[in-house]
Amino acid sequence: MKLSTRLALAALLVPALLATAQAQQEDTPPPPSALDASLFYQLLLGELNAQGNDPGTGFSLILDAARKTNDAALYQRAVEIAFQARSGESGLQAARAWKQAYPKSREANRYVLQILLVLNRVDDTLEPLKTEIALAEPGERGAAIGAIPRAYARAADKKAAATLVEQAFAEQLADRTYGAAAWTAVGRMRLLAEDGAGALEAARRGHALSPQAEGPVLLALELMDAKQPQAEALVRQYLAQGKPLPELRMGYARALLDAQRYPEALEQLQVVTTERPDFPEAWLVQGTLFVQDNQLPKAEAALKRYVELAQQQRSGEERSRGLAQAYLSLSQIAEKRKDYPLAGAWLDKIENSQDLLAAQSRRASLLARQGKLEDARKLIQSLPERNPGDARAKLMAEVSLLRDFKQYKPAYELLGAAAKKDPADPDLLYDQAMMAEKLNDLPDMERLLRQLIAAKPDYHHAYNALGYSLAERSMRLPEAKQLIQKALEFAPNDPFISDSLAWVEFRMGNKTEAVRILETAYKSRPDAEIAAHLGEVLWSMGQRDRAQTIWREGMLMNNESETLQETLKRLKVRP
């Protein structure tokens, strides 16, 4: 019996056994238990079917047992079995039965709401949404309201979803306790629907109900990024009253930095460091700005203050990266003063090169987003190289930057130069081949991959990449299949290579076999790219509702997947 089966049965058996043992100690008869021989057998049979090849029968048996015993754990188990079988309608059936049996259960209602959203049945979510808010404890209700926009973010019709959420919050929108949270949620829904003016109006109404509330101000900060200049007035109103949170003033400073309004950003940072001298982030950003302005004494003082405060914090990734950035800036200050030993000493304080690389890569990405790609590349290139590993990490960081901004040609050339220096490195050759594929230079990609296969015959990624690229273009399909099968010989359990094999089968017209392989791969590794392929094959077979369900699952996993986005665009589908 599988572990999950034993755990499910133990969840039912243990309470009964404990009650019996306690009764024996107290010399009293044990309480009656719903777990008789018949029910035990039904649960066992249900779990065996669920774990085997008949999850539908397993689901029916467990749901029937839940109804007989009115056991919340069994209702939840029925929902889980439906999820494992990727049957949204069955999951909804079990969740609704659970909610009917336990109308005050927030967990049961939440399952109903979430499943309806996954099925994209937004119109049916009004009552479950109202119930979700009503069942939340008063102390948790604001947080529950704030979480709603994330739940509805994948809705196909964003405007309809925004209208429904506003309708569900009708009572809270006029309430001084929860009104700011409700209007913030409505504003975020409007922003999702690309209604910037409506979102700003919601932020204003929330702020009017509760001027000290943070939610409307955070929304206004986001609207500043969305080019709503009126939003800034609301932010400034909040900052002008009482003692605003330093985090929100920092948010305003970051928005000003994004708009390249550096003097105003510096002014806000100085307010933070005056009002809250123990707030580390403000000192770090302030010091970085002073370095840019070549105000070296001020920069040094601010950065050293940040280091002092950061060293008092608990260790963590944010602290490590912040210290790396501070040490890097202090090193730059020393370098400008031509104090090279001190510059090196500051760099030596960075605990590992990954922190240094991560800090610079983040800054480089920000520069690239502002149209300063060459400056971004120089920033990465300026990093010190203490060992060959550092040089390789810098190279890959620069290649990643270029790839992210679709600069495939310079990335290809950079990898080519590196491969000439280190011809024994197969990964460089492979990455260069992938850049050639991005440039749609299939002959060069094939040349590089075959060169790699000749040098390293067990490099299964090369077989898979070449086979998949041929299949994607419906070229030399028998050869593509042989290449992918060769890759599977080296990595028989790799779901992504199985995905490639299924794609070849699909291109060759073997749709049933393609579905079989894809379903196995998707069950082994739920992934947006595999979901894109499985959905397309199902779509071509006329199973369009199921295809859309799979695509929605893929969007939840990674809505930025190029393969999934291209598939939906090409098929003109809105999941």
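Numbers given in the numbering used here equal positions in the sequence shown, counted from 1, plus 1494.
Every residue gets a Cβ at the ideal spot worked out from N, C-alpha and C, and that includes glycine.
Asked                                                                                                              : Found
Length of the line joining the Cα atoms of ALA1515 and LEU1629                                                     : In this prediction, ALA1515 has a pLDDT of 41, which is less than 50 and means its spatial position is unreliable; nothing more can be read from the coordinates.
Rounded C-alpha distance that separates ARG1813 from GLN1807                                                       : 7 Å
Where the alpha helix (DSSP H) through ASP1669 begins and ends                                                     : Element bounds for ASP1669: n/a, residue is neither H nor E.
Environment of MET1474 [buried if 16+ CB atoms lie within 10 Å]                                                    : A question about residue 1474 goes unanswered here, because the residues of the chain that appear run from 1495 up to 2069.
Alpha-carbon to alpha-carbon, LEU2028 and ALA2022                                                                  : 10 Å
GLN1945, enclosing alpha helix (DSSP H) - first and last residue                                                   : 1936-1949
Nearest-angstrom Cα separation, counted from ILE2024 out to ASP1530                                                : 44 Å
CB-CB length for PRO1738 against TYR1732, believed under 8 Å                                                       : 6 Å
CA-to-CA distance, LEU1942 to LYS1843, given in whole angstroms                                                    : 41 Å
Cβ-based burial, LYS1830 [other Cβ within 10 Å; buried from 16]                                                    : exposed
Cα-Cα separation between ASP1618 and ALA1693, rounded to whole angstroms                                           : 24 Å
As assigned by DSSP and simplified to three states, the class of GLU2060                                           : helix
Residue interval of the alpha helix (DSSP H) (run including ASN1603)                                               : 1600-1612
Endpoints, the alpha helix (DSSP H) within which GLY1633 is located                                                : 1632-1645
Minimum C-alpha distance to ASP1884 - residue among ALA1589, ALA1852, ASP1669, GLN1735                             : ALA1852
Status (buried if at least 16 other CB within 10 Å, exposed otherwise) for GLN1519                                 : Note that GLN1519 scores a pLDDT of 46, beneath 50, so its modelled location is shaky; the value from the coordinates is reported in the next line. Per the 10 Å Cβ criterion, exposed.
Burial state of ARG1698, where buried means 16 or more other Cβ atoms lie within 10 Å                              : buried
CA nearest to the CA of ALA1567, picked from GLU1583, ALA1591, SER1584                                             : ALA1591
Opening and closing residue of the alpha helix (DSSP H) in which ARG1699 lies                                      : 1690-1703
Closest by C-alpha distance to ARG1604, when choosing among GLU1802, ALA1641, ALA1839, TYR1924                     : ALA1641
Whole-Å CB distance - TYR1746 paired with PRO1774, under 8 Å assumed                                               : The Cβ separation is near 18 Å, so there is no contact.
Burial state of PRO1525 (16 or more Cβ within 10 Å)                                                                : With a pLDDT of 47 at PRO1525, under the threshold of 50, the modelled position of this residue cannot be trusted, and the question is left open.
Cβ contact check for the stretch 1979-1992 and the stretch 1950-1960: 3 or more pairs under 8 Å                    : yes
Boundaries of the alpha helix (DSSP H) in which PHE1773 is found, first to last residue                            : Run containing PHE1773: none; DSSP gives neither H nor E here.
Contact set for ARG1500: own chain, Cβ-Cβ below 7 Å, skip 5 residues either direction                              : Note on ARG1500: pLDDT 43, under 50, position unreliable in the model; the coordinate value appears next. Within the same chain, ARG1500 has no close Cβ partners at all.
GLU1708 (DSSP reduced to helix, strand or coil)                                                                    : coil
In chain order, each alpha helix (DSSP H) run of at least 4 residues that lies wholly inside the stretch 1779-1844 : 1790-1804, 1811-1830, 1834-1842
Beta-carbon proximity list for ALA1602, same chain, < 6 Å, skipping 5 on both sides                                : TRP1592, LYS1593, TYR1596
Residue from MET1744, ALA1753, GLU2056 whose Cα sits closest to the Cα of GLU1769                                  : MET1744
For LYS1832 and GLU2054, the rounded distance between their alpha carbons                                          : 45 Å
CB contact flag (ALA2015, VAL1998, <9 Å)                                                                           : no
Enclosing alpha helix (DSSP H) for ALA1744 [first to last residue]                                                 : Sequence inspection shows Met at residue 1744; the Ala mentioned does not correspond to that position. Counting along the chain, the alpha helix (DSSP H) containing MET1744 begins and ends at 1740-1752.
Check whether GLY1690 and GLN1722 have beta carbons under 9 Å apart                                                : yes
Helix, strand or coil at TYR1902 [DSSP, three-state]                                                               : helix
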